[in-house]
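The sequence shown lines up with residues 0 to 660 when you count with numbering that gives the first Met the number 0.
All residues carry an ideal CB built from backbone N, CA and C; glycine is no exception.
Quick caveat, the model's predicted, so the values are computed rather than measured.
Since the structure comes first, as structure tokens, the remarks are kept for the end.
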Amino acid sequence: MKQRWEWLVLSVGGLILLSGGLLLSPVRAGGPLFINSRGQPFHWPRNPVTYTPDRGPLGILDNAAAVELVADALSLWQEVETATIAFEQRGQLDVDVTGTNVMDVLSRVRRGINPILFDHDGSIIEALVGTGASRDIVGFGSPTLRPPGVTRGEFRQGWAVFNGLFVGQRIPLKMFRATVVHEFGHFIGLDHTQVNLREALDGLPINDRGIPTMFPLLISRHQARLHADDIAALSAIYPDPRFATSTGTIQGRVLMPNGVAGFQGANVVARRVSGVPLAISAISGDRFIGNRRPRGGNGVFDPRLRGFYRIVGLPPGRYTVEVEPIYPAFTGGSGLGPLDPPPPLVGGREFYSGAMESNDDGPRRIALVPVEAGAVVEDADIILNGQFPENDLCAQATRITSTPFVDRLDTRSAATEDDDPVHTCTASIDAGSVWYRFLPESPGVAIVDTLGSSYDTVLSAYTGRCGDLVEIACNDEFNEQIPQSQIVFGTLAGEEILIEASRAGSLPGGGDLQFSFRFFPDVLVAEREPDETIEQAQRLSSPGAVLGDIGPGDDGIISVPINGRQERLEDVFTFSLDGSAIVQVNLTPQRVDVNLDLVLFVVEDATPRVIAQSSPVGISKGIGPMELPAGTYNIGVSLSDRHPGRQRTTYILAIASSGDR
Numbered sequence: 000m001k002q003r004w005e006w007l008v009l010s011v012g013g014l015i016l017l018s019g020g021l022l023l024s025p026v027r028a029g030g031p032l033f034i035n036s037r038g039q040p041f042h043w044p045r046n047p048v049t050y051t052p053d054r055g056p057l058g059i060l061d062n063a064a065a066v067e068l069v070a071d072a073l074s075l076w077q078e079v080e081t082a083t084i085a086f087e088q089r090g091q092l093d094v095d096v097t098g099t100n101v102m103d104v105l106s107r108v109r110r111g112i113n114p115i116l117f118d119h120d121g122s123i124i125e126a127l128v129g130t131g132a133s134r135d136i137v138g139f140g141s142p143t144l145r146p147p148g149v150t151r152g153e154f155r156q157g158w159a160v161f162n163g164l165f166v167g168q169r170i171p172l173k174m175f176r177a178t179v180v181h182e183f184g185h186f187i188g189l190d191h192t193q194v195n196l197r198e199a200l201d202g203l204p205i206n207d208r209g210i211p212t213m214f215p216l217l218i219s220r221h222q223a224r225l226h227a228d229d230i231a232a233l234s235a236i237y238p239d240p241r242f243a244t245s246t247g248t249i250q251g252r253v254l255m256p257n258g259v260a261g262f263q264g265a266n267v268v269a270r271r272v273s274g275v276p277l278a279i280s281a282i283s284g285d286r287f288i289g290n291r292r293p294r295g296g297n298g299v300f301d302p303r304l305r306g307f308y309r310i311v312g313l314p315p316g317r318y319t320v321e322v323e324p325i326y327p328a329f330t331g332g333s334g335l336g337p338l339d340p341p342p343p344l345v346g347g348r349e350f351y352s353g354a355m356e357s358n359d360d361g362p363r364r365i366a367l368v369p370v371e372a373g374a375v376v377e378d379a380d381i382i383l384n385g386q387f388p389e390n391d392l393c394a395q396a397t398r399i400t401s402t403p404f405v406d407r408l409d410t411r412s413a414a415t416e417d418d419d420p421v422h423t424c425t426a427s428i429d430a431g432s433v434w435y436r437f438l439p440e441s442p443g444v445a446i447v448d449t450l451g452s453s454y455d456t457v458l459s460a461y462t463g464r465c466g467d468l469v470e471i472a473c474n475d476e477f478n479e480q481i482p483q484s485q486i487v488f489g490t491l492a493g494e495e496i497l498i499e500a501s502r503a504g505s506l507p508g509g510g511d512l513q514f515s516f517r518f519f520p521d522v523l524v525a526e527r528e529p530d531e532t533i534e535q536a537q538r539l540s541s542p543g544a545v546l547g548d549i550g551p552g553d554d555g556i557i558s559v560p561i562n563g564r565q566e567r568l569e570d571v572f573t574f575s576l577d578g579s580a581i582v583q584v585n586l587t588p589q590r591v592d593v594n595l596d597l598v599l600f601v602v603e604d605a606t607p608r609v610i611a612q613s614s615p616v617g618i619s620k621g622i623g624p625m626e627l628p629a630g631t632y633n634i635g636v637s638l639s640d641r642h643p644g645r646q647r648t649t650y651i652l653a654i655a656s657s658g659d660r
């Protein structure tokens with residue numbers, strides 16, 4: 000039987016060199032390796048792209064043969080008729096690069112020099128990656144990102160390393176040539192792709208002809224030639240005018256079972272069923288940065304792109320469009336898709352079924368999509384099969400009419416809406432949210448938790464209306480050992496509260512949710528002035544809340560360090576614990592343009608000692624849950640911005656401790 004090479008790693012993530020300490024992660028999707036904040040793929044701005052090979056041998060190949068191998072591999076990409084990229088050798092490096100001098104050589108590489116290193120004995124990879132790495136890594140290649148190219152979406156340098164230990168020894172030379180072509184795909188800005196996965200892993204060499212060059216694993220010598228998917232990905236980044244006029248496009252969204260929210264991280268494959276068979280793929284949400292707001296990072300923060308896919312480079316014909324999960328083993332350096340690890344596909348693989356598309360249309364119901372040259376087939380939306388929670392959308396929030404209230408719910412098919420809010424406690428739009436609403440008839444304190452759920456949760460509470468929410472409480476983890484959540488907040492009579500329970504992170508779906516809500520009416524009291532000293536501090540009970548007032552004219556007396564600076568506490572409160580207890584405090588200003596700080600402290604020898612302080616991020620501020628021993632504690636409220644033009648605000652300070660049931 001023919002020997003196969005399924006599990007040889009072709010490239011290693013994390014070896015992308017960046018100047019200025021900026022780390023930018025790959026998009027990890029079939030198509031471009033990186034995209035900028037405008038959703039455009041990174042590319043080499045100058046043609047031809049130059050490269051400078053090593054002077055040493057490469058395993059059984061002498062230097063001349065190794066240089067020729069590189070030129071032949073690059074010529075495959077250059078000869079694509081619908082793309083415009085070209086390459087040119089710029090001399091050779093001054094020395095034979097080895098494991099002993101590679102760091103010195105790379106540190107002295109001038110801008111504009113793109114080194115191609117021949118690792119004759121595996122020592123370069125050992126020096127760069129670690130001991131033993133040369134036994135598994137065939138090679139790696141990547142562009143490097145440098146300002147101002149990062150903001151412009153331009154590559155300024157690149158490099159590649161090839162492992163001579165594999166050349167004609169562990170794998171045949173023809174197989175090694177496939178590796179070189181693959182790594183130069185990364186070098187010019189292409190990422191991995193998943194086309195014909197079943198054929199790649201079925202153990203039958205006869206099925207290997209359709210495996211593309213940019214498949215994450217080295218399977219066959221046939222990967223040394225470019226396939227339709229490789230050609231489409233290259234042409235999309237470096238398009239020749241003929242690309243747009245000779246091929247067509249299918250685009251749409253992969254949607255959760257509710258038919259509204261996008262699903263990020265599914266592999267979408269268009270297969271031609273008329274004429275010569277071919278397959279080209281895209282990843283849903285590959286342009287979306289993920290659920291975390293960008294900070295100059297890689298991708299676009301437009302939630303409408305979460306499930307969007309665009310399959311380009313399709314020759315005219317009729318196509319099926321199939322959605323499938325990304326193979327779970329494709330992570331890290333062999334990964335693809337915007338999420339790592341890739342998410343399980345809600346409902347399993349299925350086909351686009353046209354007018355019959357729904358969340359129960361059956362996995363084998365297929366609508367053929369006609370593609371014409373120069374045309375775009377739009378709105379080929381695929382609704383994943385499965386049931387979704389009734390309270391999946393904010394507008395469909397479950398109403399809480401009595402307390403205590405407990406809801407047990409399967410949230411594995413829960414979605415993330417395009418306008419779901421960013422959580423201040425995670426700086427993220429976390430996934431798989433379900434919603435509840437509560438209208439208090441009297442002022443009081445609410446305690447909400449997800450303890451007992453089977454997955455890592457985030458809880459948040461809001462005033463306002465769906466699409467225009469103001470966060471009043473947020474908690475990611477109960478503590479380091481318990482990844483579920485608990486929030487505490489005060490309420491006013493007649494002001495409706497919306498509560499969101501999400502799965503922490505970007506992966507879609509959730510698990511078995513246990514949602515618990517308790518409300519304690521008539522425990523909200525008014526602030527009693529003056530309350531600026533320990534002696535004047537107003538005593539709070541648990542659960543309890545106080546309606547306070549603060550503004551620029553208040554003069555605090557006690558000064559404590561908060562978020563790196565000394566601040567005076569305008570309002571001080573106190574509470575006592577008879578025994579050890581888990582305590583949680585929440586502060587919610589009634590104006591969104593006023594920033595308050597919250598601090599928990601004790602007084603020792605007439606000096607305040609801070610135990611905990613709130614994060615400076617967000618409107619609402621929280622401390623805990625945290626375990627405290629028996630004793631007397633103080634809570635301070637400070638106005639962060641004392642500008643005279645700032646307005647006064649009222650606030651609700653709420654407290655709860657274990658045992659409040």
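| Item | Value |
| --- | --- |
| Best match in Ala132, Phe165 and Val96 for proximity to Gly58 [C-alpha to C-alpha] | Phe165 |
| Val104 in three-state terms, based on DSSP | helix |
| Span separating the alpha-carbon of Gln77 from that of Ala85 | 5 Å |
| Cβ-based neighbour list, Val666, same chain, cut-off 7 Å, excluding 5 preceding and 5 following | Given a span of 0 to 660 for the chain in the structure shown, any question on residue 666 remains unanswerable. |
| Check whether Asp548 and Gln537 have beta carbons under 8 Å apart | no |
| Beta-carbon gap between Gln88 and Ala70 smaller than 8 Å | yes |
| Spatial neighbours of Pro256 in its chain, beta-carbon cut-off 8 Å, leaving aside the 5 residues before and after | Val345, Gly346, Asn358, Ile382, Leu383, Asn384, Gly385, Gln386, Phe387, Ser412 and Ala414 |
| Residue span of the beta strand (DSSP E) that contains Ser575, given as start and end | Asp570 to Leu576 |
| Inter-residue spacing [alpha-carbon to alpha-carbon] between Asp95 and Ser484 | 57 Å |
| Whole-Å CB distance - Glu323 paired with Arg348, under 8 Å assumed | 4 Å |
| Counted within 10 angstroms of its Cβ, other Cβ atoms place Ser692 as buried (16 or more) or exposed | This structure cannot settle anything about residue 692, because the visible part of the chain is limited to 0 through 660. |
| One or two residues paired with Arg208 in a DSSP bridge | Looking at the DSSP assignment, Arg208 forms no beta bridge with any residue, so it has no partner. |
| Among Gly489, Val104 and Phe262, nearest to Pro520 - alpha-carbon criterion | Gly489 |
| Check: Arg527 C-beta below 7 Å from any heavy atom of the ligand GTP | By its list of ligands, the structure shown contains no ligand whatsoever, and the ligand GTP lies outside what it can speak to. |
| Val311 (DSSP reduced to helix, strand or coil) | strand |
| Where the alpha helix (DSSP H) through Gly184 begins and ends | Leu172 to Phe186 |
| Bridge partner(s) assigned by DSSP for Met625 | Val582 |
| Inter-residue Cα distance where the pair is Leu652 and Leu546 | 7 Å |
| Beta-carbon spacing of Val559, Val616 below 8 Å | no |
| Alpha carbon of Arg107 to alpha carbon of Pro114, nearest angstrom | 11 Å |
| Among Asp118, Ile218 and Glu153, the one whose alpha carbon lies nearest that of Pro44 | Glu153 |
| Segment limits, alpha helix (DSSP H) that includes Val662 | Residue 662 falls outside the range modelled here, since the chain spans only 0 to 660, and no answer is possible. |
| Collapsed DSSP secondary structure at Leu344 in the structure displayed | coil |
| Beta-carbon spacing of Ala379, Gln250 below 8 Å | yes |
| Secondary structure of Gln395, DSSP reduced to three states | helix |
| Same chain, Cβ closer than 7 Å to Arg309, neighbours up to 5 away in sequence not counted | Thr248, Gln250 and Ala281 |
| Under the three-state DSSP convention, the category Ala426 falls into | coil |
| Of the residues Phe350, Arg208 and Pro215, the one placed nearest His221, counting alpha carbons only | Arg208 |
| CB of Ser133 within 8 Å of CB of Trp158, strictly | no |
| Rounded C-alpha distance that separates Tyr650 from Val487 | 14 Å |
| Buried versus exposed call for Leu304 [16 or more other C-beta atoms within 10 Å across all chains shown] | buried |
| For Phe165, the first and last residue of its enclosing alpha helix (DSSP H) | Phe165 -> no alpha helix (DSSP H), and no H or E assigned at all. |
| Proximal residues to Thr97 (C-beta, below 6 Å), its chain only, five neighbours per side dropped | Ser122 |
| The segment 394-404 in contact with the segment 327-342 per 3-pair CB rule at 8 Å | no |
| Alpha-carbon to alpha-carbon, Val259 and Gly38 | 22 Å |
| Backbone CA spacing between Gln263 and Gly284 [nearest angstrom] | 5 Å |
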